[in-house]
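So the sequence lines, in the order shown, correspond to chains A and B. Position in the first sequence counted from 1, then plus 524, gives you my numbering. Position in the second sequence counted from 1, then plus 24, gives you my numbering. We put the CB at the ideal spot given by N, CA and C, even for glycine.
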Amino acid sequence: MSAERPFVSWLPFYTLLKKEVLRFLRVFAQTLVTPVITASLYLFVFGATLGDRISVLEGFSYAQFVIPGLVLMGVISNSFSNSSSSLFMSRYLGNIVDLLVTPISPSQFILAYTLAAMLRGLAVGSCVMLISTAFAGLPWAHPFSAVAMLVMASFLFSQFGIVAAIHSTNFDNLSMYNNFLILPLIYLGGVFYPISILPSFWGGLSHLNPIFYLIDGFRFALLGRGDVPPALSFGMTAGMSLALFLWAAALIRSGYRLRQ
Amino acid sequence: MPPALAIRDLWKHYGKTPVVKGLCLTIEPGEIFGLLGPNGAGKSTTINLISGVCRMEKGSILVFGLDNRTQYRRTRQMVGVMHQEIVVDAFFTIEKALEIHSGYYGIPDDPAWRRQLIERLDLGPHLKKHMLKLSGGLKRRFMVAKALIHKPRLLILDEPTAGVDVELRRALWEMVKEINAQGTTVLLTTHYLEEAEAMCGRIAIMNQGDLVALEPTEQLLARLPFRTVLADLKAPLRELPPLLRGFGAQVEREGLRIRFDLSAHQSSWSLMQALHQSALPVADVLTEKPGLEEVFIHLTGLGQGRRNQP
């Protein structure tokens, strides 16, 4: 029975990626449909009802202004949720041992969780973007930069999801990352208003919000206008992505809270 | 061929408590090897160290000659583990989980082998069921299939028959023997000592992290050279006859049974003669050899004084 069989080194990575994608597709109503509906409701409120009556950025309707932030919100929340909930559930239920005993390498482990989370985040973001065309057209001033920012945002928050899943000791801990950190930072990061209209103290404080740079960079890529120079927003996003990747990689490589 | 498993000076602490203390053992290819010990002996920790679930502190583990730290991708491919704790992924059916599982080991799915496992473990009627809807016994059967799906050269079974009914237990051991006959080395732990006695060519016993015995099963059984003779009486014994006092006699069952623990130099024939001469109303005589359970209790110090209990 146990004859030597060829070892396909990429297969553990592919299998984990496939399993992660199947996992979120199996509960697609919860992982894909619900966030798209939530974002669509925002689009309806700010697009169909208030969109033409308010303008916070000269030359653009309010609907056009909020769409980049709402798309990014979907990408961020879902990339984070996917990697954090999947990894934490595996730890919590104990089936992480099924992975720990396999030849999957730490880099394959991270890459598989990251790509699956990015796929979910980008799928939600793309759907929201598609639905938004019903409410307002966007100029797509720098399309490659827009795609780059979406990819970086999904990468960054999938890494953060891995970090949160490892550091959390229970479901309460994990939900705190989303409810008390990510959501407030998104709402205060300029999704619904430009930072430039805030009083100087609050505007200055907003510059400490990492998510502000993602939203501002993405808005710049789509509308051609932003509160800070695009080099700063893209540079900050790339820097944070790298930092979180190194953090997640160090945790996985060391086996912290994964291997006894 | 290098040993299937070579463990040298293996240490592991949880906090400050040592749970594996300098373990050394070697398992040759093709063996069925039993690792026994009471709860907390360090068996599961040892298995977790072999399979990579636990981080090693000190020592070395070679799987078919390869270091399980520096060449972990090759060693883990060669090992299949069924853990003691029931762990399943709630998102998948048995069918889907088995279909993808060998891929984790870098080995493409082999549908013919998968079907064979499903058939042998009688999982066929349950393939479409989700994990959370499976009974404990079914989950264990699924876990056996999962451990074997990539055709490991070393199969590790940690309490595979816990909570499993008699019929399935028998079928499982038959399957293990068959797989072993085809070349797979087996390391198993079980609390059913009669199973270990019947299955294993060699047995190691751990107690509180120490290896207290490592011998062929026959040799281990010969460690306790006493035999037990039970004499059932037709009427309760009032006083033990002086002729029988040198045979380690203990009166049980309110005087209706005398238990004799014979040492190596005492023959049961001399006991029979003494019984005959004492003219006791003997109804029946039974002889017992010590089994693995007695050896286990003797070596681990468990159940001391059990013999003297009423």
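Fill in: Reference Val715 of chain A; option with closest CA among A:Ser629, A:Leu705, A:Tyr586
Residue numbering aside, residue 715 of chain A sits at position 191 when the first sequence is read from its first letter. The shortest CA-to-CA distance from Val715 of chain A to any of A:Ser629, A:Leu705, A:Tyr586 is the one to A:Tyr586.
Discussion item. Which of the three DSSP states is assigned to His289 of chain B in this structure?
Written reply: Looking up residue 289 of chain B in the second sequence gives position 265. Note: His289 of chain B maps to coil in three-state DSSP.
Worksheet item: Going along chain E, which residues have a C-beta under 7 Å from Val105 of chain B?
Response: No chain E is present in this structure, whose protein chains are A and B.
Discussion item. With a threshold of 7 Å between beta carbons, is Glu119 of chain B in contact with chain A?
Written reply: Here residue 119 of chain B refers to the residue found at position 95 when the second sequence is read from its first residue. It does not; no Cβ of chain A falls within 7 Å.
Worksheet item: When burial is assigned at 16 or more other CB atoms within 10 Å of the CB, is Tyr786 of chain A buried or exposed?
Response: Here chain A comprises residues numbered 525 to 784, so residue 786 of chain A is not present and cannot be evaluated.
Discussion item. Suppose you measure from the CA of Arg743 of chain A to the CA of Pro630 of chain A; what does that come to, to the nearest Å?
Written reply: Mapped onto the first sequence, residue 743 of chain A falls at position 219. Mapped onto the first sequence, residue 630 of chain A falls at position 106. Going by the C-alpha atoms only, they are around 35 Å apart.
Discussion item. Going by C-alpha to C-alpha distance, which of A:Leu617, A:Ile710, A:Leu556 sits closest to Thr693 of chain A?
Written reply: Stepping through the first sequence from its first residue, residue 693 of chain A is reached at position 169. For Thr693 of chain A, the closest of A:Leu617, A:Ile710, A:Leu556 by C-alpha to C-alpha distance is A:Leu617.
Discussion item. Strictly below 8 Å CB to CB, what residues from chain B border Asp740 of chain A?
Written reply: In the first sequence, the residue the question calls residue 740 of chain A occupies position 216. Within 8 Å of the CB of Asp740 of chain A, no CB atom of chain B is found; the nearest one sits about 37 Å away.
Worksheet item: Do you know offhand how far Ala774 of chain A's Cα is from Leu732 of chain A's?
Response: Against the first sequence, residue 774 of chain A aligns to sequence position 250. Against the first sequence, residue 732 of chain A aligns to sequence position 208. Their Cα atoms are separated by approximately 25 Å.
Worksheet item: Per DSSP, what kind of secondary structure is Arg331 of chain B in: helix, strand or coil?
Response: For this step, residue 331 of chain B is matched to residue 307 along the second sequence. At Arg331 of chain B, the pLDDT of 40 sits below 50, so the modelled position is not reliable; the number obtained from the coordinates is stated separately. Residue state, collapsed to three classes: helix.
Worksheet entry | Rounded C-alpha distance that separates Pro266 of chain B from His300 of chain B | If you number the second sequence from 1, residue 266 of chain B lands on position 242. If you number the second sequence from 1, residue 300 of chain B lands on position 276. Taking C-alpha positions only, Pro266 of chain B is separated from His300 of chain B by approximately 13 Å.
Worksheet entry | Exposure label - Phe633 of chain A; buried when at least 16 CB within 10 Å | Locating residue 633 of chain A in the first sequence gives position 109, where the first residue counts as 1. Classification of Phe633 of chain A: buried, given that the 10 Å Cβ count is 16 or more.
Discussion item. Please tell me whether Pro53 of chain B and Ala30 of chain B are closer than 7 Å, where the distance is taken between their beta carbons.
Written reply: By 1-based counting over the second sequence, the position of residue 53 of chain B is 29. By 1-based counting over the second sequence, the position of residue 30 of chain B is 6. Contact flag unset, no.
Worksheet item: Using a Cβ cut-off of 9 Å, which residues of the segment 257–276 of chain B contact any Cβ in chain A, in chain order?
Response: Those would be none; no residue qualifies.
Worksheet item: Rounded to a whole number of angstroms, what is the C-alpha to C-alpha distance between Ser650 of chain A and Ala767 of chain A?
Response: Taking the first residue of the first sequence as position 1, residue 650 of chain A is located at position 126. Taking the first residue of the first sequence as position 1, residue 767 of chain A is located at position 243. Across the structure, Ser650 of chain A and Ala767 of chain A are spaced so that their CA atoms are roughly 26 Å apart.
Item to complete: Look at Gly727 of chain A and Ile739 of chain A and say whether their C-beta atoms are less than 7 Å apart.
Response: Translated into the one-based positions of the first sequence, residue 727 of chain A becomes position 203. Translated into the one-based positions of the first sequence, residue 739 of chain A becomes position 215. The Cβ atoms of Gly727 of chain A and Ile739 of chain A lie no closer than 7 Å to each other.
Worksheet item: At least one CB of chain B closer than 7 Å to the CB of Gly649 of chain A: is that the case?
Response: Mapped onto the first sequence, residue 649 of chain A falls at position 125. Not closer than 7 Å to any Cβ of chain B, the Cβ of Gly649 of chain A fails to qualify, so no.
Worksheet item: Count the other CB atoms within 10 Å of the CB of Met25 of chain B; is the residue buried (16 or more) or exposed (fewer)?
Response: Within the second sequence, residue 25 of chain B is the residue found at index 1, counting from 1. Exposed.
Discussion item. Looking at chain A, is there any beta carbon in it that lies within less than 7 Å of the beta carbon of Ile3 of chain B?
Written reply: Nothing can be reported for residue 3 of chain B, as the shown portion of chain B is limited to 25 through 334.
Item to complete: Along the alpha helix (DSSP H) that carries Gln784 of chain A, what are the first and last residues, could you check?
Response: Looking up residue 784 of chain A in the first sequence gives position 260. Where Gln784 of chain A is concerned, there is no enclosing alpha helix (DSSP H), given that its DSSP letter is neither H nor E.
Worksheet item: By the 10 Å Cβ neighbour count, where 16 or more other Cβ atoms means buried, how is Asp146 of chain B classified, buried or exposed?
Response: In the second sequence, counting from the first residue as 1, residue 146 of chain B sits at position 122. Within a 10 Å sphere around the beta-carbon of Asp146 of chain B sit fewer than 16 other beta-carbons, which makes this residue exposed.
Worksheet item: Going by DSSP, which residues form a beta bridge with Trp19 of chain B?
Response: The structure shown does not extend to residue 19 of chain B, since chain B is modelled only from 25 through 334, so no value can be given for it.
Worksheet item: Leaving out five residues before and five after Arg330 of chain B in sequence, what residues of the same chain have Cβ atoms less than 6 Å from its Cβ?
Response: In the second sequence, residue 330 of chain B corresponds to position 306, counting from 1. With a pLDDT of 41 at Arg330 of chain B, under the threshold of 50, the modelled position of this residue cannot be trusted; read the value that follows with caution. Answer for Arg330 of chain B: no residue qualifies.
Discussion item. Between the alpha carbons of Ile706 of chain A and Ala237 of chain B, how many angstroms are there, rounded?
Written reply: Within the first sequence, numbered from 1, the residue matching residue 706 of chain A stands at position 182. Within the second sequence, numbered from 1, the residue matching residue 237 of chain B stands at position 213. Computed Cα separation, rounded: 56 Å.
Fill in: Proximal residues of chain B, C-beta to C-beta of Ser629 of chain A below 9 Å
By 1-based counting over the first sequence, the position of residue 629 of chain A is 105. Residues of chain B passing the Cβ test: Tyr96, Arg97.
Discussion item. Within a Cβ cutoff of 6 Å, which residues of the same chain sit near Lys258 of chain B, ignoring the five residues on either side of it in sequence?
Written reply: Within the second sequence, residue 258 of chain B is the residue found at index 234, counting from 1. Closer than 6 Å at Cβ, skipping near neighbours: Pro305, Ala307.
Item to complete: Reducing DSSP to helix, strand and coil, say where Asn703 of chain A ends up.
Response: Taking the first residue of the first sequence as 1, we reach residue 703 of chain A at position 179. Helix at Asn703 of chain A.
Discussion item. Taking beta-carbon pairs under 9 Å, can you tell me which members of the segment 673–695 of chain A lie near chain B?
Written reply: Taking 9 Å as the Cβ-Cβ cut-off against chain B, none of the residues of the segment 673–695 of chain A qualify.
Practice prompt. Name, going along the chain, the residues of the segment 599–611 of chain A whose beta-carbon falls closer than 7 Å to a beta-carbon of chain B.
Written response: Under the 7 Å Cβ criterion, the segment 599–611 of chain A contributes no residue.
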